[in-house]
Amino acid sequence: MLDRKWLLIGSCAVLTILAPGSVHAQAARLLVPNETHAETSTVSGISPLELQQFVQALKQMQTIDLESQKQMAAIIQKEGLKLERFVEIDRANSSGVAPEKPVSDGEQQRYNSIVTKIQKVWQDSQPKKERAITGQGLTVARFGEINNQVRSDRALQEKVKQMIGTPPVPAQPTGDR
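Mapped onto mature numbering (1 follows the signal peptide of the UniProt record, and there is no 0), the consecutive letters of the sequence shown carry residue numbers -25 to -1, 1 to 152.
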C-alpha cells in the first residue's frame, strides 16, 4: 500500500509544482524538462491506447488534486491562520528551525488541527485517484511504470504534453548562431 501511496503522491506532486494556469498547462509543465526536443517518439512497451489512458487518468487526477487543494486552503482559512503563516509554521516544524515570529500556543493548536484535517482530505483523495487510474483501464502499477518512462524520456514528455492539449515549449536559444 505504501508503494501505491507514494506513486499517487509522486504522480500528482509533479502537478502541484507547475506554474499557475489551467489544469492542462499545469500538467504539461509537470512533464516539461529543462530541455525539449522537437520530435516525438513512442517508447517500446507503451501502446498508444495505454498512453491515452495514462493522459486521461492524469487529467482526472489533476482535477482531484485541484479540488483537494481548494479544500485544504478552506480548512486553513476556517481555522483562522493565514496561508503564509501556516506554511511558515509547517516549515519550522519540518526543519526544526524556529520561524522569525515565534509560534503561539494558539497558533500551534490551530496548526495541529489543520494538519489533521488536511491529512483526512489527502487520504480521501487517494481512492479517487486510484479510481481515476483503474477507470481508464490501467492498474496503479502500470500507471507508475508509464509515469516513470514519461519522466525519463523527453520525446515521450512532448507527446504527453501534446495529448494533454498544451502547446510545446519552444527550445531555449543556446547562443550559438
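Glycine included, each C-beta is placed from N, C-alpha and C at the ideal position.
Please read these numbers as outputs of a predicted model, since none were measured by experiment.
Apart from the five residues just before and just after residue i, which ones in its own chain have a Cβ nearer than 6 Å to its Cβ?
i: Gln35; result: Ala107
i: Leu100; result: Going by the sequence as given, residue 100 is Ser instead of Leu. Excluding residues within five positions, the ones whose Cβ falls inside 6 Å are Ile39, Ser43.
Only counting the same chain, and skipping five residues up and downstream in sequence, which positions put a Cβ closer than 7 Å to that of residue i?
i: Glu54; result: Arg85, Ser88, Ile89
i: Ile93; result: Met47, Ile50
i: Lys103; result: Ile39
Counting along the chain, where does the alpha helix (DSSP H) carrying residue i start and finish?
i: Asp99; result: 80 to 109
i: Ile21; result: Where Ile21 is concerned, there is no enclosing alpha helix (DSSP H), given that its DSSP letter is neither H nor E.
i: Val62; result: 58 to 70
i: Gly119; result: 115 to 127
Can you check whether the CB of residue j is closer than 8 Å to the CB of residue i?
i: Pro74; j: Glu59; result: no
i: Gln31; j: Gln111; result: yes
i: Phe61; j: Leu113; result: no
i: Met138; j: Gln27; result: yes
Within the same chain, show all residues whose beta-carbon is closer than 8 Å to that of residue i, passing over the 5 residues directly before and after it, in chain order.
i: Gln52; result: Leu58
i: residue 153; result: With the chain running from -25 to 152 in the structure shown, residue 153 is simply not present.
i: residue 207; result: Outside the shown range of the chain (-25 to 152) lies residue 207, about which nothing can therefore be said.
Regarding residue i and the ligand PLP, is the C-beta to nearest heavy atom distance less than 7 Å?
i: Ala130; result: The model on display carries no ligand, and the ligand PLP is accordingly not part of it.
Inter-stretch contact at 8 Å, needing at least 3 Cβ pairs: the stretch 79 to 91 / the stretch 122 to 138: no
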